Amino acid sequence: MMIIRDRTIVGDDWQVLRLRDQETPETTMVPDGKIIVPFKVWLAQRATLLQRNDIGVWFASDERPEDLAEDVHRFTVIAVDFPKFSDGRGYSIAYNLRARLEYSGELRAIGDVLRDQLFYLRRVGFDVFEPRPDRKIDDALKGLDDFSEVYQISFDQKQPLFRRVVRQGKSAAGLQDD
Amino acid sequence: MYCYDEYDQRMIDERVAQYRDQVRRRLSNELTETEFLPLRLQNGLYMQIHGYMLRIAVPYGLISSRQMRMFAHIARKYDRGYGHFTTRQNIQFNWLKLEETPDILADLASVQMHAIQTSGNCVRNITSDEFFGVAHDEIVDPRPYAEILRQWSTFHPEFAYLPRKFKIAISGAKEDRAAILAHDIGLSVTKNAQGEVGFRVFVGGGLGRTPIIGSEICEFLPWPHVLTYVESILRIYNQLGRRDNKHKARIKILVKALGIEEFKRLVEEDWADLKNGPGTLTREEVDRMSSFFTDPEYEVLAGNDSSLKAFMADNRNFSHWMKHNVRPHRVPGYAIVVLSVKKPGNAPGDVTHEQMDAVADLADRYSFGEMRITHKQNLVFADIKQTDLIALWHELTKLELASPNIGMLTDIISCPGAEFCTLANARSIPLSKLIAERFENLDFQYDIGEITLNISGCMNACGQHHIGNIGITGVEKKNHEEWYQISIGGAEGNDCSLGKILGPSLIFNQVPEAIDRILQVYLRERADEGERFIDVVRRIGHVPFKDHVYATDFPDELVKSDDKNTLIPAQHAVPFYSPRF
């Protein structure tokens with residue numbers, strides 16, 4: 001499938017494993033190949049999965065990445081699922097993964113991922129996006145550049161605007177041009 | 001006031017372009033309505049009964065004459081000639097076309113205005129004290145911090161899809177005029193014993209379905225930490241706030257469920273990583289912001305203007321206006337003037353485009369070209385020379401903005417209600433008119449004295465009925481009938497309290513009679529004229545009021561419900577009060 005990585009549309013061979021009805025984290029079969037497994041599956045089958053080097057993990061929006069603890073540094077791919085684009089918990093999950101747990105691998109946004117959220121998603125630390133399959137991916141790419149400047153710190157920008165540039169006070173800002 | 005630099009302007013302009021493209025994609029069906037909804041809401045655009053309503057941000061209620069003229073322009077060009085000032089110090093236009101909204105935002109951007117985050121589950125427009133900078137009791141001017149918070153919250157990437165809306169209010173005076181205890185975060189900027197500036201922080205206040213008064217989470221937060229501390233509060237809320245039930249999603253429910261101690265522990269644990277980090281405010285930034293809010297060029301005046309006394313003695317109306325609509329100013333020879341947008345018979349908060357233009361001209365002539373919108377839906381000229389008061393009063397009288405009723409019974413706070421809003425169960429504005437007309441007699445109002453009356457068309461409480469001395473809420477019964485619940489004992493300010501429901505709900509026509517009965521009890525029970533309505537309610541409780549309201553039947557003509565009582569809101573295509581019809 002196609003994903004956005006480094007502002008480029010590229011092919012990708014990671015598969016996201018989602019539990020089907022009746023499957024439990026303990027019983028589900030993790031297939032061969034590059035698989036991003038649910039965090040619950042990672043916890044349930046950790047001993048086995050530790051033997052493999054082609055495993056990623058994804059978080060549901062009600063899970064806490066802090067629970068991954070030291071395992072976080074084993075992964076080259078971690079994903080966060082957006083069950084609905086309006087469920088904003090994934091933004092804080094991403095921020096905490098990056099800023100608190102110092103995760104430096106690839107961080108993917110999966111699920112209900114749409115163009116109009118991409119700018120914010122990028123800012124909190126996502127660097128790979130899997131836009132919803134029914135949408136044009138090249139259109140979604142445009143969402144990364146909605147704004148050319150930001151006020152506040154997040155993962156992408158470690159200094160707030162007021163520390164980065166010299167902003168003028170009233171005396172120098174000039175009057176409004178009536 | 002604050003003036004955009006190239007950075008602010010660029011972001012606003014880019015927002016207009018982004019929104020214009022979103023509207024284009026919606027109109028061409030590339031975006032579904034479900035997907036477009038949160039996008040338009042974060043630009044203040046609601047779909048109401050008659051069409052689209054746009055809520056424009058007036059940051060902390062402060063506005064220039066140039067910006068007010070732009071409102072007049074929007075009212076004329078895109079709307080039906082008027083706008084509605086809201087309890088959150090914003091303005092709403094009710095009759096817009098979706099296709100035209102990008103042009104409206106472009107017009108607004110040309111005067112450094114926008115509609116960003118005036119709705120949606122994000123950090124909303126910051127509200128504040130309408131008398132900042134000029135009040136006698138101000139400890140610290142909150143405006144620089146309000147603007148710093150505005151910028152910080154604008155397009156915050158992590159907090160754009162919160163469980164629910166998030167409102168921050170900030171006050172810097174001894175008396176809280178910003179209802180900070182009724183907000184998700186309330187900030188009281190103050191000084192400690194050493195004279196250092198900091199914030200007393202409250203969290204988890206709010207009205208709506210479950211009214212709760214905010215809890216103190218930090219007694220004194222030194223000013224450099226305000227952004228990082230607020231960030232930690234938002235992060236905990238974003239992760240743990242309920243998302244399974246819209247009615248239990250505000251931060252107040254989370255704070256209540258965890259308890260303030262546990263919530264505070266989580267916040268401070270998160271904050272430990274941010275404290276003293278790069279998000280910390282700098283002295284230079286606060287100084288820069290403060291430079292926008294320095295005193296205007298006040299003249300050195302002797303003090304109180306004695307000629308006013310003579311004119312007051314001769315003119316009863318002017319005298320009333322001076323007493324009720326004019327407030328002392330901290331600078332000798334100046335006064336604060338509240339423009340009453342509450343003329344009985346008019347919709348509270350509604351201003352026509354002619355009034356907007358005229359008010360802008362008056363602000364230029366008399367008040368350094370600035371004004372404030374109050375959460376009580378009035379306007380304020382903050383810097384009037386006392387020697388200009390008589391001339392200004394004449395002008396405001398002509399404009400119907402000088403009703404001497406500020407703080408009185410007819411200074412009614414009202415949401416738009418069921419004629420506009422899809423959430424409302426009952427009409428608000430027509431009821432406010434009925435009440436105002438019944439109690440229009442000024443001598444009666446002055447006898448009653450200081451009182452607040454708030455009307456909300458539903459439990460969402462845009463009319464802030466919980467903190468009205470008398471609060472009225474629209475409730476729905478079977479078959480879309482509109483009924484009203486009356487509560488008493490609510491108050492804002494330092495003694496903030498929530499009203500208590502009096503008894504069974506009433507129909508439209510009965511409400512003024514019920515208020516009359518409530519007031520009779522007050523007049524009977526008060527110790528003297530100095531004992532305010534709220535004082536009496538607190539002293540004797542609500543039972544005597546309840547007993548009197550429900551003891552006797554309502555007059556026959558008020559018992560039977562008329563056709564208005566079975567109104568189906570959506571069927572009222574055109575509100576009958578509208579000044580343009």
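Here the protein sequences line up with chains A and B, keeping their order.
For the first sequence, this note's numbering begins at 1 and goes up steadily by one.
For the second sequence, this note's numbering begins at 1 and goes up steadily by one.
Ideal Cβ placement from N, Cα and C applies to all residues, glycine included.
No experiment lies behind these values; they were computed from the predicted model shown.
query	result
Contact set for F85 (chain B): own chain, Cβ-Cβ below 6 Å, skip 5 residues either direction	I91, G349, I373, Q377
C-alpha gap between R26 (chain B) and P163 (chain B), whole angstroms	24 Å
Close Cβ partners of F166 (chain B) (< 6 Å) along its chain, the five nearest in sequence each way excluded	V123, D184
Under the three-state DSSP convention, the category T566 (chain B) falls into	Only weak support is given to the placement of T566 (chain B): the predicted model assigns it a pLDDT of 40, under 50, and the question is left unresolved by the model.
8 Å Cβ cutoff met for S594 (chain B) and V255 (chain B)	For residue 594 (chain B) there is no data in the structure shown, the boundaries of chain B being 1 and 581.
Proximity of M68 (chain B) and M371 (chain B) at Cβ, strictly below 8 Å	yes
Assigned exposure category for A69 (chain A) - 16 Cβ within 10 Å defines buried	exposed
Contact the stretch 92-104 of chain B vs the stretch 190-208 of chain B: 3+ CB pairs below 8 Å	no
Beta-carbon neighbours of L114 (chain A), restricted to chain B and to distances below 7 Å	E35
Element boundaries [beta strand (DSSP E), containing A169 (chain B)]	168-171
Run of the beta strand (DSSP E) containing S215 (chain B), from where it starts to where it stops	215-222
Below-8 Å beta-carbon distance, C3 (chain B) vs any chain A residue	yes
Cα-Cα separation, H375 (chain B) to F533 (chain B)	21 Å
Helix, strand or coil at Y161 (chain B) according to DSSP, with G and I counted as helix	coil
Any C-beta of chain A under 8 Å from that of H156 (chain B)	yes
8 Å Cβ shell around L281 (chain B) - same chain, five flanking residues per side excluded	I148, W223, P224, H225, V226, L227
Cβ of M322 (chain B) within 8 Å of any chain A Cβ	no
Per-residue burial, T34 (chain B) [other beta carbons within 10 Å of its own, 16 or more giving buried]	exposed
Cβ contact (3+ pairs, closer than 8 Å) linking the stretch 153-171 of chain A and the stretch 40-55 of chain B	no
Whether G56 (chain A) touches V77 (chain A) by CB criterion (8 Å)	yes
Beta bridge counterpart(s) of D350 (chain B) as assigned by DSSP	B:H84
Which of helix, strand or coil DSSP assigns to D81 (chain A)	strand
D67 (chain A) to L49 (chain A) span [Cα, whole Å]	17 Å
For L362 (chain B), the nearest candidate out of B:G345, B:E395, B:Q9, B:S340 (CA to CA)	B:E395
Chain A residues whose Cβ lies nearer than 8 Å to that of T282 (chain B)	F162, R163
CB contact check: I153 (chain A) to chain B, cutoff 8 Å	yes
Against chain A: residues of the stretch 221-251 of chain B by CB proximity under 7 Å	R235, N238, Q239, R243
Under 8 Å between C-beta atoms of E525 (chain B) and V543 (chain B)	no
Spatially closest choice to Y60 (chain B) from B:P211, B:A347, B:A424, B:L379, by CA coordinates	B:L379
CB contact flag (A109 (chain B), V16 (chain B), <8 Å)	yes
D87 (chain A) and R243 (chain B) closer than 8 Å at C-beta	yes
Between the CA atoms of Y2 (chain B) and R143 (chain B) - distance to the nearest angstrom	9 Å
Within the stretch 355-430 of chain B, ranges of the alpha helix (DSSP H) (whole runs, at least 4 residues)	389-398
Spatial distance of V341 (chain B) from E437 (chain B) (CA atoms)	15 Å
Option nearest S306 (chain B) by Cα separation, candidates B:I251, B:I260, B:Q386	B:Q386
Residues that DSSP places opposite Q485 (chain B) in a beta bridge	B:T473
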